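From first to last, the protein sequence lines stand for chains Y and V. Going letter by letter, the first sequence gives residues 0 to 479 in numbering that gives the first Met the number 0. Going letter by letter, the second sequence gives residues 0 to 479 in numbering that gives the first Met the number 0. In what follows, a single structure is set out as structure tokens and then discussed.
Protein chains: 2
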Amino acid sequence: MKTIVEQLDPIFKPESIAVIGASKNPAKWGFRMINRPIRCGYRGPIYPVNPREDKFNNLPFYRSVLDIPGSVDLAVITVPAAQVPGVIRECVSKGVKGAVLITAGFAEVGHDGKVLEDEVVAIAREGGLRFVGPNGMGIWSAAGMLNLSFDQVPLSGPIAFVSQSGTFGGSLAEIAGIKGYGLSKFISIGNQADLTAADYLEYLADDNDTRVIVFYMEGFKDGARFADLAREIVRKKPIIIFKAGRTGPGSRATQSHTASLAGSDEIFDAICRQAGLIRTQEALHSFDMAEALACQPIPRGRRVAILGSGGQGVVTADACAALGLEVPELDGDTVKSLKEVIPPHAPPPRNPVDFAGTLRSSMEEAAVVEKLLSRDYIDGVISNAPINPAAFAAMFGIAGMPKPLLDMTKSAIEGADYFSSLPTKYGKPIITIRFRRFAHDMVIDILRGAGIPVYDTPEECARAMFALARYAEIKRKARS
Amino acid sequence: MKTIVEQLDPIFKPESIAVIGASKNPAKWGFRMINRPIRCGYRGPIYPVNPREDKFNNLPFYRSVLDIPGSVDLAVITVPAAQVPGVIRECVSKGVKGAVLITAGFAEVGHDGKVLEDEVVAIAREGGLRFVGPNGMGIWSAAGMLNLSFDQVPLSGPIAFVSQSGTFGGSLAEIAGIKGYGLSKFISIGNQADLTAADYLEYLADDNDTRVIVFYMEGFKDGARFADLAREIVRKKPIIIFKAGRTGPGSRATQSHTASLAGSDEIFDAICRQAGLIRTQEALHSFDMAEALACQPIPRGRRVAILGSGGQGVVTADACAALGLEVPELDGDTVKSLKEVIPPHAPPPRNPVDFAGTLRSSMEEAAVVEKLLSRDYIDGVISNAPINPAAFAAMFGIAGMPKPLLDMTKSAIEGADYFSSLPTKYGKPIITIRFRRFAHDMVIDILRGAGIPVYDTPEECARAMFALARYAEIKRKARS
């Protein structure tokens with residue numbers, strides 16, 4: 000019996016792929032499934048299969064997968080549903096190790112489709128071929144340099160995203176990329192006829208490229224196994240889940256979408272708590288949270304210090320408190336220590352520390368963050384990112400770089416370096432927010448390069464810190 | 000006694016401005032306050048005032064506002080706090096009509112600052128000079144082509160944004176711009192020493208460039224007057240408010256930020272309900288909601304039809320239901336009527352209508368939207384925006400434009416036009432979501448140009464529809 004890694008590696012790191020149903024018509028899936036891997040860096044041989052076509056650019060078409068001269072790890076299948084059983088039989092004969100079934104028209108369309116789906120599963124099981132789908136939108140694997148899902152290669156990173164919705168999931172993945180979050184894998188799981196959410200979870204648990212696993216789910220085929228696996232896996236990796244179909248109208252809609260019974264939302268919530276899953280209320284929140292979980296230390300508790308200008312600090316404090324995080328008052332010692340950094344005319348520091356117009360450099364700002372992080376009663380810090388005036392100068396078309404701006408820019412870079420050193424030094428997380436106007440990409444790049452997440456809103460920061468605190472509690476519970 | 004329009008027009012549509020405390024040092028506010036209007040299109044004369052400087056590019060500096068040869072509508076003041084009373088006295092002598100006080104160090108720093116602030120108010124009141132601030136970050140006025148707040152000119156549009164936090168407010172305004180929302184005015188109100196939130200509300204009520212008024216507030220100086228005014232103004236314009244300081248830690252922070260007493264959150268909530276204010280839970284939500292309120296018809300009720308692909312429809316239905324919107328089942332007549340458009344093999348339509356892989360063109364999609372919108376029991380539609388494959392072709396570097404993509408692109412443009420005609424025809428709102436990957440800017444531009452809002456997530460769509468339905472209720476209540 001092969002391990003899950005042995006079974007799924009040929010799908011996510013294939014040495015060769017066949018696209019069965021490949022097409023030269025750009026409006027068809029058979030076109031995308033061959034054009035995307037070609038254009039997005041896949042390194043192994045790609046074999047287009049279609050008896051009615053001759054050449055795709057320089058690649059010759061094969062009449063059947065059986066005609067391909069070399070071995071095939073992965074078959075990507077876009078032929079009409081009725082032809083899929085025959086194609087899978089041929090794949091088994093050829094010794095293909097795995098498949099991605101794009102084709103729709105199976106269990107999601109009703110009884111006849113379900114019968115056809117069961118037939119495909121039976122053929123594949125007997126032939127030892129595992130498959131993704133059907134009725135999915137493909138996969139992306141950074142390790143395999145294999146893109147079947149996106150029109151542009153996404154950012155690579157430590158977040159695996161498993162989605163029961165292909166189109167919507169792909170859209171979420173793309174927005175995540177625009178926000179700067181990188182993916183290790185994207186899996187559009189479709190009808191889960193063979194491989195299920197639990198199988199992907201088991202596989203990703205051992206995937207070294209994946210530090211956080213994000214699920215978009217409507218309903219489970221094997222919920223009990225998923226929960227059992229999750230309970231173990233959260234000891235080493237956080238699992239975030241967004242569940243659609245949580246209301247009456249939403250639940251009704253999952254039935255026609257993925258033939259899923261959404262089930263009671265209260266029961267699902269209880270399962271999440273027991274299994275140690277972090278559940279999110281909006282689909283995109285999953286990625287904001289995953290970004291922090293992928294790169295920041297886990298805090299000891301829920302006590303947050305906030306450093307920020309005016310309204311940003313107020314709103315961050317509100318957002319933290321609303322999520323059940325604590326924003327403790329500073330003690331006399333901390334106040335005294337902060338006063339060494341803050342100019343004499345500044346108001347006495349409180350939490351949130353409002354530095355508006357008082358800190359003279361990003362180095363001072365980083366020093367304040369360190370002083371907060373060093374306190375026993377502070378478990379993590381949310382701060383604004385160092386301000387870099389270079390962008391400001393560029394926007395105003397200031398010729399050359401006047402001395403005061405040059406000094407501020409130097410300070411911003413030093414500040415970003417200083418910031419970046421602190422989470423490791425204290426074993427506590429730092430979450431940052433950028434003021435876009437002044438936050439030049441160079442500073443943001445330094446922070447992100449060092450694993451400090453950078454967000455656009457106070458609420459995103461608070462949710463990220465909440466996720467870290469929640470995961471700390473999940474890990475503690477799992478150990479006990 | 001001058002009307003509020005006569006008092007504030009010289010501030011927001013000044014024919015000439017003096018910048019008192021102007022500076023050639025790019026790190027100083029005195030630099031920004033002169034450089035921003037120069038670079039961002041202000042058309043009238045700009046007079047820099049600073050006895051220690053000579054020239055700013057080609058503009059000569061004046062020693063005092065009294066030395067300026069022409070008349071001055073607006074004084075922008077960045078001198079240190081202690082000098083402000085003298086400067087205001089000179090402005091009054093000069094006949095300056097309004098001022099924007101950037102300078103900090105007044106009531107927000109404690110008792111002495113409060114005394115100084117009161118002195119400034121007394122001088123201004125006696126001289127008939129109204130002012131914004133102090134301790135603010137300036138204003139932006141599209142009508143006045145006057146930018147004192149941003150490093151880049153924001154998008155112009157129908158949303159006025161009044162913010163008690165300058166830096167954070169400016170950051171929000173900038174993100175709103177990135178999301179495609181345009182502003183008529185931005186006002187960083189600072190300490191509200193003279194002009195208060197209620198004054199701006201009164202002014203904006205009569206501002207033809209403003210269709211929706213958005214507030215970020217921490218605490219009110221004249222809450223009762225604000226609520227009285229709001230109760231009247233919501234008859235003609237929606238007012239959206241985000242209130243910071245709603246939790247213990249947040250409320251504590253407002254005191255040091257803007258010397259505001261945040262007050263009880265429950266009481267504030269009750270005031271919002273009574274006055275007809277739409278309150279938002281996250282600062283950025285205000286702008287998503289404002290965008291729809293600025294351009295879409297007000298629905299008769301809360302009954303929403305959803306057209307969308309798979310998971311997007313499910314999540315939209317969930318988000319609507321969670322906000323108290325209804326997602327009614329379709330009746331037999333509607334189902335029959337939709338079947339005329341949907342291909343025969345598609346599953347029977349429900350609400351949400353899942354068209355995944357079944358609609359052959361954006362024209363068909365728009366036809367489905369029309370059929371839904373025409374029903375008595377549907378008050379508005381949330382739909383995905385027409386898909387334009389042009390971007391897809393461009394990304395894949397497809398040479399020329401193959402016939403199938405050309406047809407789809409033509410259909411997308413026709414579909415966008417068709418969509419755009421529907422809200423007026425039926426007097427009901429349409430809210431759209433884009434799948435970034437396929438949604439080319441051309442289609443989005445057509446929709447937005449016609450006042451159809453386009454969002455990135457199902458939750459944003461649901462909140463926008465909720466705001467429309469809520470405002471309809473507010474208007475009904477105000478009339479009765």
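No residue lacks a Cβ here, since even glycine has one placed at the ideal position from N, Cα and C. Computed from a predicted structure; not experimentally measured.
Taking a cut-off of 8 Å on C-beta distances, the region 326-339 of chain Y does not touch the region 18-28 of chain V, as fewer than three cross pairs fall below it.
Residue environment analysis places residue 183 of chain Y among the buried positions, since at least 16 neighbouring C-beta atoms fall within 10 angstroms of its C-beta. Within the same chain, Cβ atoms closer than 7 Å to the Cβ of residue 224 of chain Y are found at 197, the five residues on either side in sequence being excluded.
Taking 8 Å as the upper bound for CB-CB distance, residue 240 of chain Y and residue 219 of chain Y are not in contact here, some 10 Å apart. Under the Cβ criterion (8 Å, minimum of three pairs), the region 163-182 of chain Y does not count as touching the region 60-75 of chain Y. The beta-carbon distance between residue 157 of chain Y and residue 208 of chain Y, rounded to whole angstroms, is 7 Å. This is short enough to meet the 8 Å contact definition. Under DSSP, the beta-bridge partners assigned to residue 353 of chain V are V/307.
The DSSP assignment places complete alpha helix (DSSP H) segments of no fewer than 4 residues inside the region 56-136 of chain Y at 83-93 and 110-126, in order along the chain.
Neighbours of residue 407 of chain Y in chain V, taken as residues at a C-beta separation under 8 Å, are given in chain order as 26.
A straight-line Cα-Cα distance of about 7 Å links residue 456 of chain Y and residue 432 of chain Y.
Shown here, residue 314 of chain V sits in a helix according to DSSP, grouped into three states.
Excluding five sequence positions before and after residue 165 of chain Y, the CB atoms of its chain that fall closer than 6 Å to its own CB belong to 135, 136 and 187, given in chain order.
For residue 346 of chain Y, the closest of V/112, V/2, V/89 and V/73 by C-alpha to C-alpha distance is V/112. Not one beta carbon of chain Y lies nearer than 7 Å to the beta carbon of residue 367 of chain V. Distance from the CA atom of residue 445 of chain V to the CA atom of residue 424 of chain Y, rounded to whole angstroms, is 53 Å. Assigned with DSSP and collapsed to three states, residue 468 of chain V falls in helix.
Classified as exposed, residue 110 of chain V has fewer than 16 neighbouring CB atoms from the shown chains inside 10 Å of its CB. Between residue 246 of chain Y and chain V, the shortest Cβ-Cβ separation is below 7 Å. Unbroken beta strand (DSSP E) runs of no fewer than 3 residues, entirely contained in the region 413-438 of chain Y, are found at 429-432, following chain order. In the structure shown, residue 299 of chain Y adopts coil according to DSSP, grouped into three states.
The DSSP-derived three-state label of residue 340 of chain V is coil. Neighbours of residue 434 of chain V in chain Y, taken as residues at a C-beta separation under 7 Å, are given in chain order as 166 and 170. DSSP places residue 9 of chain V inside the alpha helix (DSSP H), whose first and last residues are 3-11. Contacts with chain Y at 7 Å (Cβ-Cβ) do not include residue 16 of chain V. Listed along chain V, the residues sitting closer than 9 Å to residue 458 of chain Y by beta-carbon distance are 280, 281, 282 and 283. According to the DSSP secondary-structure assignment, residue 383 of chain V is paired through a beta bridge with V/432. Partner residues in a beta bridge of residue 458 of chain V, as assigned by DSSP, do not exist.
In the three-state reduction of the DSSP assignment, residue 370 of chain Y falls in the helix class. Boundaries of the alpha helix (DSSP H) around residue 200 of chain V: 196-204. Neighbourhood of residue 22 of chain Y in chain V, by CB distance below 9 Å: empty, with the nearest CB roughly 11 Å away. Using beta-carbon distances, residue 291 of chain Y does not count as an interface residue toward chain V, since no partner is under 7 Å.
In the structure shown, residue 146 of chain Y adopts extended strand secondary structure according to DSSP, grouped into three states. Contact annotation: in the region 34-45 of chain V, residues whose CB is within less than 9 Å of a CB in chain Y are 34, 35 and 38. Taken in chain order, the members of the region 305-322 of chain Y whose beta-carbon sits within less than 9 Å of a beta-carbon on chain V are 305, 307, 308, 309, 310, 311, 312, 313, 314, 315, 316, 317, 318, 319, 320 and 321. For residue 454 of chain V, there are no neighbours in chain Y by C-beta distance under 7 Å, as the nearest C-beta there is about 11 Å away.
Here residue 288 of chain V is actually not in contact with residue 159 of chain V; their C-beta atoms are around 14 Å apart, not less than 8 Å.
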